[in-house]
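Notes to accompany the following structure.
Number of protein chains: 2
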Amino acid sequence: MAENRRKTAITPTREDDYAEWYQQVVRQGDLAETSPVRGCMVIRPWGYALWENIRDRLDAMFKETGHRNAYFPLFIPKSYLEKEAEHVEGFAKECAVVTHHRLEASPEGGLQPAGELEEPLVVRPTSETIIGATYARWVQSYRDLPILINQWANVVRWELRTRLFLRTAEFLWQEGHTVHETEAEAWEETVRMLNVYQTFAESFMAMPVIAGEKTAGERFPGAVRTLCIESMMQDRKALQAGTSHFLGQNFARSSGITYQSREGREEFAWTTSWGVSTRLIGGLIMTHADDDGMVMPPRLAPAHAVLLPIIRRDSDRERIMAYVHKVAAALRQERFDGAPVRVEIDDREVNAGEKGWEWVRRGVPLRVEIGPRDMEKDAVFVARRDRGPKEKTSLPWKQFVQNVGSELEDIQSSLFERALDRRERHTREVDTFSQLESFFTPVDGARPGIHGGFARAHWCGREECEKRINDELSVTIRSVPLEEEGFTEPGKCICCGNESRTRVVMAKSY
Amino acid sequence: MAENRRKTAITPTREDDYAEWYQQVVRQGDLAETSPVRGCMVIRPWGYALWENIRDRLDAMFKETGHRNAYFPLFIPKSYLEKEAEHVEGFAKECAVVTHHRLEASPEGGLQPAGELEEPLVVRPTSETIIGATYARWVQSYRDLPILINQWANVVRWELRTRLFLRTAEFLWQEGHTVHETEAEAWEETVRMLNVYQTFAESFMAMPVIAGEKTAGERFPGAVRTLCIESMMQDRKALQAGTSHFLGQNFARSSGITYQSREGREEFAWTTSWGVSTRLIGGLIMTHADDDGMVMPPRLAPAHAVLLPIIRRDSDRERIMAYVHKVAAALRQERFDGAPVRVEIDDREVNAGEKGWEWVRRGVPLRVEIGPRDMEKDAVFVARRDRGPKEKTSLPWKQFVQNVGSELEDIQSSLFERALDRRERHTREVDTFSQLESFFTPVDGARPGIHGGFARAHWCGREECEKRINDELSVTIRSVPLEEEGFTEPGKCICCGNESRTRVVMAKSY
Numbered sequence: 011m012a013e014n015r016r017k018t019a020i021t022p023t024r025e026d027d028y029a030e031w032y033q034q035v036v037r038q039g040d041l042a043e044t045s046p047v048r049g050c051m052v053i054r055p056w057g058y059a060l061w062e063n064i065r066d067r068l069d070a071m072f073k074e075t076g077h078r079n080a081y082f083p084l085f086i087p088k089s090y091l092e093k094e095a096e097h098v099e100g101f102a103k104e105c106a107v108v109t110h111h112r113l114e115a116s117p118e119g120g121l122q123p124a125g126e127l128e129e130p131l132v133v134r135p136t137s138e139t140i141i142g143a144t145y146a147r148w149v150q151s152y153r154d155l156p157i158l159i160n161q162w163a164n165v166v167r168w169e170l171r172t173r174l175f176l177r178t179a180e181f182l183w184q185e186g187h188t189v190h191e192t193e194a195e196a197w198e199e200t201v202r203m204l205n206v207y208q209t210f211a212e213s214f215m216a217m218p219v220i221a222g223e224k225t226a227g228e229r230f231p232g233a234v235r236t237l238c239i240e241s242m243m244q245d246r247k248a249l250q251a252g253t254s255h256f257l258g259q260n261f262a263r264s265s266g267i268t269y270q271s272r273e274g275r276e277e278f279a280w281t282t283s284w285g286v287s288t289r290l291i292g293g294l295i296m297t298h299a300d301d302d303g304m305v306m307p308p309r310l311a312p313a314h315a316v317l318l319p320i321i322r323r324d325s326d327r328e329r330i331m332a333y334v335h336k337v338a339a340a341l342r343q344e345r346f347d348g349a350p351v352r353v354e355i356d357d358r359e360v361n362a363g364e365k366g367w368e369w370v371r372r373g374v375p376l377r378v379e380i381g382p383r384d385m386e387k388d389a390v391f392v393a394r395r396d397r398g399p400k401e402k403t404s405l406p407w408k409q410f411v412q413n414v415g416s417e418l419e420d421i422q423s424s425l426f427e428r429a430l431d432r433r434e435r436h437t438r439e440v441d442t443f444s445q446l447e448s449f450f451t452p453v454d455g456a457r458p459g460i461h462g463g464f465a466r467a468h469w470c471g472r473e474e475c476e477k478r479i480n481d482e483l484s485v486t487i488r489s490v491p492l493e494e495e496g497f498t499e500p501g502k503c504i505c506c507g508n509e510s511r512t513r514v515v516m517a518k519s520y
Numbered sequence: 011m012a013e014n015r016r017k018t019a020i021t022p023t024r025e026d027d028y029a030e031w032y033q034q035v036v037r038q039g040d041l042a043e044t045s046p047v048r049g050c051m052v053i054r055p056w057g058y059a060l061w062e063n064i065r066d067r068l069d070a071m072f073k074e075t076g077h078r079n080a081y082f083p084l085f086i087p088k089s090y091l092e093k094e095a096e097h098v099e100g101f102a103k104e105c106a107v108v109t110h111h112r113l114e115a116s117p118e119g120g121l122q123p124a125g126e127l128e129e130p131l132v133v134r135p136t137s138e139t140i141i142g143a144t145y146a147r148w149v150q151s152y153r154d155l156p157i158l159i160n161q162w163a164n165v166v167r168w169e170l171r172t173r174l175f176l177r178t179a180e181f182l183w184q185e186g187h188t189v190h191e192t193e194a195e196a197w198e199e200t201v202r203m204l205n206v207y208q209t210f211a212e213s214f215m216a217m218p219v220i221a222g223e224k225t226a227g228e229r230f231p232g233a234v235r236t237l238c239i240e241s242m243m244q245d246r247k248a249l250q251a252g253t254s255h256f257l258g259q260n261f262a263r264s265s266g267i268t269y270q271s272r273e274g275r276e277e278f279a280w281t282t283s284w285g286v287s288t289r290l291i292g293g294l295i296m297t298h299a300d301d302d303g304m305v306m307p308p309r310l311a312p313a314h315a316v317l318l319p320i321i322r323r324d325s326d327r328e329r330i331m332a333y334v335h336k337v338a339a340a341l342r343q344e345r346f347d348g349a350p351v352r353v354e355i356d357d358r359e360v361n362a363g364e365k366g367w368e369w370v371r372r373g374v375p376l377r378v379e380i381g382p383r384d385m386e387k388d389a390v391f392v393a394r395r396d397r398g399p400k401e402k403t404s405l406p407w408k409q410f411v412q413n414v415g416s417e418l419e420d421i422q423s424s425l426f427e428r429a430l431d432r433r434e435r436h437t438r439e440v441d442t443f444s445q446l447e448s449f450f451t452p453v454d455g456a457r458p459g460i461h462g463g464f465a466r467a468h469w470c471g472r473e474e475c476e477k478r479i480n481d482e483l484s485v486t487i488r489s490v491p492l493e494e495e496g497f498t499e500p501g502k503c504i505c506c507g508n509e510s511r512t513r514v515v516m517a518k519s520y
């Protein structure tokens with residue numbers, strides 16, 4: 011089969027080796043690379059510009075919902091982490107521990123750690139405990155509530171098997187931490203932020219998600235309830251893309267966040283936390299990228315269009331560059347998504363074909379080639395990244411400029427539709443355990459490792475049945491629709507036949 | 011004396027105890043506070059919003075000068091730090107060392123560090139070595155140069171004596187790291203970024219600075235030359251507010267950043283690094299704050315104006331709030347510094363006087379009180395933070411709105427002028443060592459700890475004379491004017507009488 015395929019910009023293809031394809035898209039799309047520090051990545055400028063766009067958009071949404079940013083310490087004293095039993099249990103196995111505060115000459119030469127700390131410090135894997143200690147000081151009365159704060163920060167979880175963006179020892183994220191007077195308000199906040207994540211994922215990332223709740227076994231350590239958004243990747247596995255935790259009074263109790271109520275009683279407050287991370291970039295890649303590399307949704311793309319002057323003779327240079335700059339200036343007058351269109355001009359003296367492929371791999375939504383013949387016709391030669399790399403259209407430049415906003419809108423919505431369609435094609439209602447088994451079993455001729463998808467099946471809610479699904483099929487329950495939101499569809503558990511309130515989503519996952 | 015002074019919002023005053031006044035301005039201005047982690051601070055939302063404005067403005071200036079952001083690992087393997095001898099010498103004594111990657115149950119109960127790392131990791135105190143390792147992979151040929159990258163990050167230096175913003179174990183900063191083909195280009199970049207810092211400090215922070223060079227003894231560990239901006243605080247000490255380092259080929263050599271030159275030879279590249287940090291906020295406070303608390307320069311203030319409804323009877327509430335919202339909406343239509351005026355409405359049900367003083371301490375440029383009588387007159391009652399707290403003016407609201415932009419401009423320039431005037435009053439040309447000594451010696455009746463200022467004096471350039479000034483007077487050479495920029499003013503060294511090219515700035519410092 012392979013010999014009939016066209017040459018792709020990324021080797022291997024998704025079909026040949028999905029995991030390696032992913033790494034190559036990240037590398038060759040100039041998004042990130044591994045570093046000399048185990049599990050830590052270097053986010054390259056093009057990838058970081060994408061993260062800046064993600065951050066700025068989310069930040070605006072957080073501010074619109076009444077949150078403000080603050081910054082808390084990188085380090086957590088060991089004793090703080092120990093205050094919440096489930097929490098420390100969840101993070102103790104994979105944390106970076108600072109034990110010394112200087113290096114000094116070693117008798118064997120070189121330097122060795124010295125100045126041992128009285129109490130080891132953990133590099134934050136998440137900040138509930140250290141932020142809780144501060145909130146305990148801030149909160150005295152119901153008048154001090156709610157506290158609605160977010161932090162943009164780096165965190166460290168010492169993962170043994172890492173993958174760029176998806177699972178790295180250090181990653182960038184935001185963590186919201188809020189405190190409320192009542193259970194109802196805290197729950198409302200938990201759901202509100204889940205909705206913010208869903209809106210962001212679908213409207214900006216063009217990544218359809220399923221919003222729901224985690225089972226008890228998949229909850230954040232210390233949470234009473236964990237809500238999440240789950241998305242189907244191109245290998246049909248689920249990616250958890252964001253979580254919003256209702257923490258009840260657990261962390262208020264362990265951190266001592268109490269307030270004097272309206273009735274004058276001392277009460278524990280109710281808290282929430284919610285976060286998304288650079289993992290979103292992994293989700294973006296596995297939702298949209300293809301065998302030619304990254305595909306950026308326009309609303310987050312660092313550049314919307316790249317102009318590629320094609321200069322075959324030096325004597326043409328000046329005239330072509332003037333034309334290119336004229337088109338760029340006109341494009342920058344146009345608006346998309348409430349801001350000027352972002353344009354780059356790539357006039358490096360590199361082979362034009364090579365240069366074009368670089369931008370294909372980087373996933374810029376529109377590539378605009380401009381050579382002497384285009385110029386003579388007052389035209390530009392345009393390729394959309396969401397279509398085949400050879401599919402290019404010659405257009406009068408003014409028409410291209412005039413329509414650039416709607417073209418970008420169209421790319422944005424096409425990407426979403428394509429991803430949604432893929433998810434729908436690979437989502438199936440499954441009514442028995444053996445159907446579930448065969449859904450996740452590759453049949454002859456199927457691509458290795460690519461099978462199954464999202465199974466919508468009934469589950470009674472018991473750990474026992476969940477465990478059977480995990481153990482026998484390496485499949486997990488990804489998302490339980492929220493009863494509070496009216497999701498009810500009674501049936502029988504596919505494992506034990508007991509009553510089930512609703513179908514849940516089961517899938518293999520990252 | 012104290013009994014005749016008006017009551018100030020901050021106790022103690024600058025005159026009574028400058029160091030404690032500073033801490034109180036930070037705390038009571040809602041800027042930051044200490045945390046349970048030694049030396050690490052919590053940056054509160056109002057302080058963090060100020061940092062966001064600083065960051066966004068600088069970021070725009072970096073991008074205008076051709077730089078892009080990226081992100082590199084938090085951890086540096088010990089062996090990387092060891093590669094540059096002076097560099098490790100400079101940072102080994104104060105670094106957080108990660109030695110383990112998990113916590114496990116200890117026989118004595120509780121948890122203990124486990125999973126010892128083969129090689130300890132240092133939490134970055136600065137990133138030359140880890141970024142250099144990446145650049146060594148990126149750079150092959152002169153065509154790959156220049157590399158112009160900046161990183162926004164947290165860094166850790168294990169300081170024993172810490173002070174909020176000025177010197178903390180963890181702080182936020184940006185670090186630019188660039189690679190160039192030639193010495194001249196790298197030097198040009200070093201100077202360019204110093205100029206960016208000077209422009210930012212003076213135009214946005216309203217903080218006059220002296221741009222110049224550090225002496226050999228005050229250089230960044232590993233740098234060939236260190237340029238800096240120095241500012242005079244209200245206690246007349248100097249604060250180093252930003253540095254730009256010409257690293258020559260030192261780090262290129264230790265990290266192996268080589269490139270094939272235009273002539274086909276393998277050459278070491280030339281690098282620079284430059285940074286400013288949350289320390290700038292300390293400088294902002296000590297430049298502008300007064301005995302009533304913080305004073306924000308309008309171009310960086312999180313809010314330009316706060317509207318304070320004065321509601322004495324519940325029956326007035328609705329009408330007054332409607333009026334307040336009308337004024338707020340009109341203000342937000344006005345522009346200052348290229349963007350809409352930032353307005354907050356504080357309608358908390360708190361005593362009006364108390365509320366007003368809170369905003370005084372936070373330093374918001376304009377406080378606008380609006381009560382029933384103001385409303386009846388179509389007026390507002392306005393106070394400028396840079397004037398006395400009781401100095402308030404009743405103005406027709408439309409007139410206030412119409413002039414708000416120029417009022418903010420005026421505050422911005424007044425703050426700069428006031429700071430510049432203070433510096434000039436406390437800068438003196440000093441021509442002998444004994445004059446220098448008496449300049450820095452408090453005379454009877456002077457406030458303890460507040461004396462001296464910037465001494466402009468001749469220095470021969472020899473370490474010996476510099477050391478005498480340091481040792482005998484606890485005064486350092488803060489800034490040497492750049493010969494390249496044409497600063498020459500020949501004279502005789504105040505210590506030894508040898509030839510001196512120019513006067514340098516000597517001061518006590520933070």
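So the sequences go chain by chain: A and B. Count along the first sequence from 1, add 10, and you get the number used in our numbering. Count along the second sequence from 1, add 10, and you get the number used in our numbering. Every residue, glycine too, gets a C-beta built ideally from N, C-alpha and C.
What is the DSSP secondary structure of A:Gln259, reduced to helix, strand or coil? coil
Residues of its chain near B:Phe85, where Cβ-Cβ distance is below 6 Å and the 5 sequence neighbours each way are ignored: Leu131
Once you ignore the five residues that flank B:Gly252 on each side, which residues in its own chain have a CB closer than 6 Å to its CB? Tyr207, Ile239 and Val286
Integer Cβ distance of B:His190 from B:Ala196, believed to fall under 8 Å: 4 Å
I believe B:Gln122 touches B:Arg371 by the beta-carbon criterion, under 8 Å. Please report the beta-carbon distance rounded to the nearest angstrom. Between B:Arg371 and B:Gln122 the Cβ distance is about 44 Å, and since that is not below 8 Å, they are no contact.
Length of the line joining the Cα atoms of B:Tyr90 and A:Gly292: 29 Å
The segment 422-430 of chain B / the segment 224-235 of chain B touching (three or more Cβ pairs under 8 Å): no
Cβ pair count under 8 Å reaching 3, the segment 256-268 of chain A against the segment 490-501 of chain A: no
Does the count of Cβ pairs from the segment 173-186 of chain B and the segment 36-51 of chain B closer than 8 Å reach three? yes
Helix, strand or coil at A:Asp441 [DSSP, three-state]: coil
Who are the Cβ neighbours of A:Thr144 in its own chain at under 7 Å, not counting the five residues just before and after it? Phe82
Can you confirm whether A:Ala59, when its beta carbon is compared against all beta carbons of chain B, has any partner nearer than 8 Å? yes
Identify the continuous alpha helix (DSSP H) that holds A:Val370 and give its terminal residues. Ala362 to Arg372
Quick one: list the residues of chain B neighbouring A:Asn164, beta-carbon separation under 9 Å, in chain order. Tyr81, Leu84, Ala163 and Asn164
On the CB-based measure, 16 or more other CB atoms within 10 Å of its CB, does B:Thr297 come out buried or exposed? buried
Where DSSP assigns a beta bridge to B:Asp303, which residues make up the other side? Reading off the sequence shown, one finds Gly at residue 303 of chain B, where the question assumed Asp. Beta-bridge pairing links B:Gly303 to B:Asp300.
Any beta-carbon of chain B closer than 8 Å to the one on A:His461? no
Against chain A, does B:His110 count as a neighbour if the rule is that its beta carbon must be under 8 Å from one of theirs? yes
Check each candidate in A:Ile220, A:Lys400, A:Val165 and A:Leu376 and name the one with the smallest Cα separation from A:Thr437. A:Ile220
Near B:Val316, what residues of its chain come up, given a Cβ to Cβ distance below 8 Å and the 5 sequence neighbours on each side ignored? Val353, Glu354, Ile355, Asp356, Trp369, Val374, Leu376, Arg377 and Val378
Determine the DSSP secondary structure at A:Pro156, reduced to helix, strand or coil. coil
First through last residue of the beta strand (DSSP E) which encompasses A:Phe391: Ala389 to Arg394
Using a beta-carbon distance below 8 Å, is B:Ser45 in contact with chain A? yes
Rounded straight-line distance, which links the Cα of A:Asp154 to that of B:Glu43: 17 Å
Among B:His335, B:Asp301, B:Ala349 and B:Lys336, the one whose alpha carbon lies nearest that of B:Ala311: B:Ala349
At a CB distance below 8 Å, what residues from the segment 372-383 of chain A approach chain B? Give them in sequence order. none
To test your reading of the DSSP string, which unbroken beta strand (DSSP E) runs of 3 or more residues are found completely within the segment 266-337 of chain A? 268-270, 276-278, 280-287 and 315-319
Boundaries of the alpha helix (DSSP H) in which A:Pro130 is found, first to last residue: Element bounds for A:Pro130: not the alpha helix (DSSP H) but the beta strand (DSSP E), Leu121 to Val133.
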